[in-house]
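Q: Below is one structure. I have some questions about it.
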Amino acid sequence: MTPRRIAVAVAAAFVSAAAGAEETTLAPVEVRADADPAAPAFRVPSVRSATKTDSAPLDVPQTINVVEQTLIREQRVVRMADALRNVPGVFAGASEGRRDQFTIRGFSAELDTYVDGVRDTAGFRDFSNIDRVEVLKGPAAMLFGRGSAGGIINRVTKKPTAETRREIQTSVGSDDFGRVEWDLGGALAAGANYRLTGAYEKDGQFRDRIDHELSTLAGSVEFKVAPATSLLAQFEWQHHERTPDRGIPAVNGKPAKVSVRNFYGEKFDFSERDTANAGLTLEHAFSADTQLKATLRANTMELDAINTRNIGLAANNTQVRRQTLRFPKEKDFVFAQADLTHKLRLGGVEHLLLAGVEHGWQKGRLQVWRTTAPNISLYDPQYTAPEPAFTAANKTYDTRFTAVTDAVYVQDQISFSPQWKAVAGLRYDVFDQAQKAGLLNGVRSGPLERTDRKWSPRAGVIYQPNAATSWYVSGARSFQPKAEDLLFGSAADVNLKPTQSTQYEVGNKNEFFGGRLAVNAAIYRIAMTDIATPDPNNPGQTLQVGEQVHEGIELDATGELGGGWRLYGGVTRLDPRTTKSNDAAAPVGNRPANVPTKAANLWLSKDFAAHWRAGVGAYYVGDRYAFSDNTARLPSYTRIDAALTYTLQKVELALNLRNLTDRVYYESATNNFQIAPGTPRSVMLTARLGF
169 MTPRRIAVAV AAAFVSAAAG AEETTLAPVE VRADADPAAP AFRVPSVRSA TKTDSAPLDV
229 PQTINVVEQT LIREQRVVRM ADALRNVPGV FAGASEGRRD QFTIRGFSAE LDTYVDGVRD
289 TAGFRDFSNI DRVEVLKGPA AMLFGRGSAG GIINRVTKKP TAETRREIQT SVGSDDFGRV
349 EWDLGGALAA GANYRLTGAY EKDGQFRDRI DHELSTLAGS VEFKVAPATS LLAQFEWQHH
409 ERTPDRGIPA VNGKPAKVSV RNFYGEKFDF SERDTANAGL TLEHAFSADT QLKATLRANT
469 MELDAINTRN IGLAANNTQV RRQTLRFPKE KDFVFAQADL THKLRLGGVE HLLLAGVEHG
529 WQKGRLQVWR TTAPNISLYD PQYTAPEPAF TAANKTYDTR FTAVTDAVYV QDQISFSPQW
589 KAVAGLRYDV FDQAQKAGLL NGVRSGPLER TDRKWSPRAG VIYQPNAATS WYVSGARSFQ
649 PKAEDLLFGS AADVNLKPTQ STQYEVGNKN EFFGGRLAVN AAIYRIAMTD IATPDPNNPG
709 QTLQVGEQVH EGIELDATGE LGGGWRLYGG VTRLDPRTTK SNDAAAPVGN RPANVPTKAA
769 NLWLSKDFAA HWRAGVGAYY VGDRYAFSDN TARLPSYTRI DAALTYTLQK VELALNLRNL
829 TDRVYYESAT NNFQIAPGTP RSVMLTARLG F
């Protein structure tokens, strides 16, 4: 089905539902509003990412962490990496300056990003239009389809509000950081509310020759079409320019002893990305027990970049070997979803039923040119290389890709009694992939096609001995196709079936002080199978016999302690290992890249005097390996942050300090020669005005 047909079909459904609403008086649809100011700080009363229904955290048999607006404001978060630093088990991956990239429970979640529950393109996400971030841990294919084993990251956008909102804030900071941000909202007319957010940012960065510039604008309007029907229209646009950065290499198994400011690219390197998305969401209440939610969202992305990257060492480890790439890329997504929920009671048992369908259409094009760049000094880099010519002779990729998803899913949230509950669901996906004839790694390839059909189950049982305690056990399964990023890397990839991941989790959730503080614990085991590894008897061929097993425990506490104290913290212990492999670069027993075995985070803040709030945070990350061969190790580190805020009526002044002790640390790595240093001590001053 083409995007135009999808749009027509969903629009017809919108019109039909709205017309039906005019004929019958039904239960009204609640108009969205900002969070209740009396609600507990750092907590939300319900989440949607875990069930696609508004569910209390105690009723979800799976770990879900929420970084909500109060914490975002206290820490002055403008990057996804700074927000997810607060979530145990989530760690930054190297992104070369082109996108956000993370691991969840040791598995890459690069392509497992969503906006308001709909699949999103991988890229940087500014926080001017983000209300909160929800991280659902473990396989989530039952609700969201194909994806990694670790979980999904869902950014929930700011929505229209009937209450007038006018805020503008400006920030300045270290390394020529400057940012202005606005948030406007209110009533346009009777039954129509709006929200308009945006930001402009320019940042010199702490790394030499690295520049960053961002412009973004987002808007939404919600119409009360009828007493039982609302229609939400949204758009978001972002332009992002940044110098790609591959970090520093390892020498003798650890990051080179050079300045963390050293840059090993070239003066002509650049990355420029434009993204835009628009969506329509219709919500209609047929009755107090039956509701429909239909969503249509389109997303487009264009990227152009030249990147000189580190690929090795030379001259007794005093020179860095390099390669220059150019890689323009295009992606277009259109997704349509419809969810119908219905409450009923059968034989004394309460059911909340969900039935949904999804159709997704994606296309993309990737081109890559690859040339050898001259070596550069490890200790005193000079940027003198001329910009190379990108010609047919050094072009290695030129491919066009189309993917179509069709899925149907059902879920039942069952309440046998106030103490015993269950959640069970099943999804069926048909994922079609088609790649036109093109150039793959320097080799001409004919057209490639593959279709995968997969069932994805999830089930959990919950025991609640009282209204503030929940014990649960759950299991879930997901799958991830080889070409999920819209690219078969070689003709042989078309023969590879998706990897499969299965998680079992046991957990305990508790609420204290009338629900103002939550303390949770979970133990889990995730096994990913069917990983492609080299065939030892047939060079150049692969066997899908690889396996990774990740076992871990997580603890987290969020909310209010009383007396003006707020807490957001967590601890994780993880044992990630390769259990089956024929790959010499990732042998049995090795740990995946960028995954520590232990980590902890804590943010503690307090109101004092009449208008002041102070906060302090500590983030500990254990040692990690830069690559799956486990030959270069990134040392453990502890980073200390602090914040001080003064608020008087509609004026707020804030001072945020990051890496207070100026600790040298390394945040992530792409491989042994591309290690990303962490930011040195930095200062940010922010003034916010409401009017």
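Per this note's numbering, the very first residue in the sequence shown carries number 169; after that it's consecutive. Even glycine gets a Cβ: it sits at the ideal position worked out from N, Cα and C.
1) Near T192, which residues of its chain fall below 7 Å by C-beta distance, leaving aside the five closest residues on each side in sequence?
2) Taking 9 Å as the cut-off, decide whether the C-beta atoms of G313 and R645 are in contact.
3) Can you tell me whether E242 is helix, strand or coil according to DSSP?
4) Where do the N-terminal and C-terminal ends of the beta strand (DSSP E) with F438 fall, by residue?
5) So L735 is in the beta strand (DSSP E); what residue range does that whole segment cover?
6) Leaving out the 5 sequence neighbours to the left and right, which residues in its chain are closer than 7 Å to A195 when beta-carbon positions are compared?
7) Cβ of D661 within 9 Å of Cβ of P256?
8) Put L279 into one of helix, strand or coil per three-state DSSP.
9) Under the assumption that E679 contacts A689 (Cβ atoms under 8 Å), give the Cβ distance between them as a whole number of angstroms.
10) Mark N420 as exposed unless 16 or more other C-beta atoms lie within 10 angstroms of its C-beta, in which case mark it buried.
11) Secondary structure at A251, three-state DSSP: helix, strand or coil?
12) Counting along the chain, where does the beta strand (DSSP E) carrying F680 start and finish?
13) Sorted by chain position, which residues of the same chain lie with C-beta nearer than 8 Å to A753's C-beta, five sequence neighbours on each side aside?
14) Determine, using beta carbons only, whether W623 and A571 come nearer to each other than 9 Å.
15) Say whether chain B places a C-beta atom closer than 9 Å to the C-beta of N634.
16) For G731, count the other beta carbons within 10 Å of its own beta carbon; 16 or more makes it buried, fewer makes it exposed. Which is it?
17) Short of 6 Å in beta carbon distance, which residues of its chain neighbour P704, apart from the five on each side in sequence? Order them along the chain.
18) Out of L608, T829, E617 and E518, state which residue places its alpha-carbon closest to the alpha-carbon of P586.
19) Let me check understanding here. Comparing Cα to Cα, which of N445, N824, L400 and N839 lies closest to K499?
20) Three Cβ pairs or more, each shorter than 8 Å: is that satisfied between the stretch 285-305 and the stretch 501-512?
21) Report the rounded CA-to-CA distance for H527 versus L304, giving the unit in angstroms.
22) Does DSSP put V536 in a helix, in a strand, or in coil?
23) Per DSSP, what are the beta-bridge partners of L546 in this structure?
24) If you scan the stretch 746-824 from start to end, which runs of the beta strand (DSSP E) of 3 or more residues do you find wholly inside it?
25) Assuming F259 and V789 are in contact, meaning their beta carbons sit under 8 Å apart, how far apart are those beta carbons, in whole angstroms?
26) Looking only at DSSP bridge pairs, what is K305 linked to?
27) In this structure, does DSSP put T625 in helix, strand or coil?
28) In terms of alpha-carbon separation, which member of E369, G372, L352 and Q373 lies closest to R363?
29) With distances taken between CB atoms, is the gap from L655 to F569 smaller than 9 Å?
30) Is it the case that the stretch 541-558 contacts the stretch 430-450, given that we only count it when at least three CB pairs across the two stretches are under 8 Å?
31) Suppose the cutoff is 7 Å on Cβ atoms and the five residues either side in sequence are ignored; what does the same chain contact list for T815 look like?
32) Check for me: the beta strand (DSSP E) holding Q601 runs from which residue to which?
33) Would you kindly work out how many angstroms separate the C-alpha atoms of D698 and N467, rounded to a whole number?
34) Which of helix, strand or coil does DSSP assign to D661?
35) Would L226 and K677 qualify as a contact pair, given that the criterion is a beta-carbon distance under 9 Å?
36) As a quick exercise: from L400, G415 and I479, pick the residue whose alpha carbon is nearest that of L448.
A: Taking the structure as given:
1) Residue placement at T192 is flagged as unreliable, the pLDDT there being 36, under the threshold of 50; a coordinate-derived value is accordingly withheld.
2) Their beta carbons are not under 9 Å apart, which means G313 does not touch R645 by this criterion.
3) For E242, the three-state secondary structure derived from DSSP is helix.
4) F438 -> beta strand (DSSP E) spans F438 to A453.
5) Annotation for L735: the continuous beta strand (DSSP E) segment containing it runs W733 to K748.
6) Reliability fails at A195, whose pLDDT of 37 lies under 50, so the model's placement of it is uncertain and no value is given.
7) No.
8) In the displayed model, L279 falls within coil according to three-state DSSP, outside both helix and strand.
9) Actually they are not in contact, since the Cβ atoms of E679 and A689 sit about 13 Å apart, beyond 8 Å.
10) The residue in question, N420, is exposed, as its Cβ has fewer than 16 Cβ neighbours within 10 Å.
11) Residue state, collapsed to three classes: helix.
12) Element bounds for F680: T667 to F680.
13) Annotation for A753: F795, S796 and D797 place their beta carbon closer than 8 Å to its own, counting only its chain and skipping 5 residues before and after.
14) No; because the gap between Cβ atoms is not below 9 Å, this pair is not in contact.
15) Within the model displayed, chain B is absent; a lone protein chain is all it includes.
16) Classification of G731: exposed, given that the 10 Å Cβ count is below 16.
17) If we look at P704 and ignore the five residues flanking it on each side, its Cβ neighbours are N750.
18) With distances taken between Cα atoms, P586 lies closest to E518.
19) Here the closest residue by C-alpha is N445.
20) Output reads yes: the stretch 501-512 touches the stretch 285-305.
21) For H527 and L304, the gap between their C-alpha atoms comes out near 22 Å.
22) Of the three classes helix, strand and coil, the one that applies to V536 here is strand, per DSSP.
23) Beta-bridge pairing links L546 to no other residue.
24) For the stretch 746-824, whole beta strand (DSSP E) runs of length 3 or above, ordered along the chain, are 766-776, 780-789 and 805-816.
25) About 7 Å; that satisfies the 8 Å criterion.
26) For K305, which the question treats as bridged, DSSP gives the partners G319.
27) The sequence shown places Pro at residue 625, rather than the Thr named in the question. In the three-state reduction of the DSSP assignment, P625 falls in the strand class.
28) When the alpha-carbon of R363 is set against those of E369, G372, L352 and Q373, the nearest one is in L352.
29) L655 is a Cβ neighbour of F569, given a cutoff of 9 Å.
30) Yes: the two stretches touch, three or more of their Cβ pairs being nearer than 8 Å.
31) Result list for T815: H779, in chain order.
32) Its beta strand (DSSP E) spans residues W588 to Q603.
33) If you take the alpha carbons of D698 and N467, they lie about 31 Å apart.
34) The answer is helix: DSSP assigns D661 an H, G or I state.
35) Their beta carbons are under 9 Å apart, which means L226 touches K677 by this criterion.
36) Residue nearest to L448 within the set L400, G415 and I479 is L400 (criterion: CA-CA distance).
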